[in-house]
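In this note's numbering, the protein residues as written are 633 to 797.
Heads up, the beta-carbon is just placed ideally off N, CA and C, and yes, glycines get one too.
Treat the numbers as computed from the prediction; the structure is a model and nothing was measured.
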């Protein structure tokens, strides 16, 4: 399928490739997520899929988040990674993944990943949507101007815990 704005006569094999070589790690505390979607890889346009290349330096986390419009399938390319998934009944499922393992995070469920080992972990996430969206709960809750008293009552903590972030 060729996007309508692309002249099929100008397409060669290069249209169908996107390189993730030499992607720099942006943070030592958080996973570096490099999206692969139709905005940066036009060959995906109209196919209803997207992907992301993830790098987890030692001790880093991909904080609790959801994808409201797509299921995620995470494939560990190299390393060992701990993952967690919360279902709709607040049951936590955790697993330690190793090179070659796959883990599915169903659409809209809260999940996270953390690298507790000493080597960088690399992974590839595939999504069932061209735009799965990401709602990062720490940012969504604590950097959204929700009143402190609402957060205090919601989490059952005092003002000092809310102000620590």
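Taking residue 793 as part of the alpha helix (DSSP H), name the residues at either end of that continuous run.
Element bounds for residue 793: 791-795.
In or out: residue 699 buried (at least 16 other Cβ within 10 Å) or exposed?
Residue 699 comes out buried.
What's the call for residue 704, buried or exposed, on a 16-neighbour Cβ count within 10 Å?
Residue 704 comes out buried.
From residue 658 to residue 769, what does the alpha carbon distance come to, in whole angstroms?
Spanning the two alpha carbons is a distance of roughly 20 Å.
Enumerate in chain order the residues of its own chain whose CB-to-CB distance from residue 761 is below 6 Å, with the five nearest sequence positions on each side excluded.
The residues are 701, 702.
So residue 696 is in the beta strand (DSSP E); what residue range does that whole segment cover?
Looking at the DSSP string, the run of the beta strand (DSSP E) that includes residue 696 is 693-698.
Kindly list the residues whose CB is nearer than 7 Å to the CB of residue 738, restricted to its own chain and excluding five residues on each side of it in sequence; keep chain order.
Excluding sequence neighbours, residue 738 sits near 703.
Is it buried or exposed for residue 711, if we count other Cβ within 10 angstroms and need 16 for buried?
It counts as buried.
To the nearest angstrom, how far is the alpha carbon of residue 682 from that of residue 746?
C-alpha separation (whole angstroms): 22 Å.
Inspect the CB distances between the stretch 683-697 and the stretch 647-666 and report whether three or more fall short of 8 Å.
Yes: the two stretches touch, three or more of their Cβ pairs being nearer than 8 Å.
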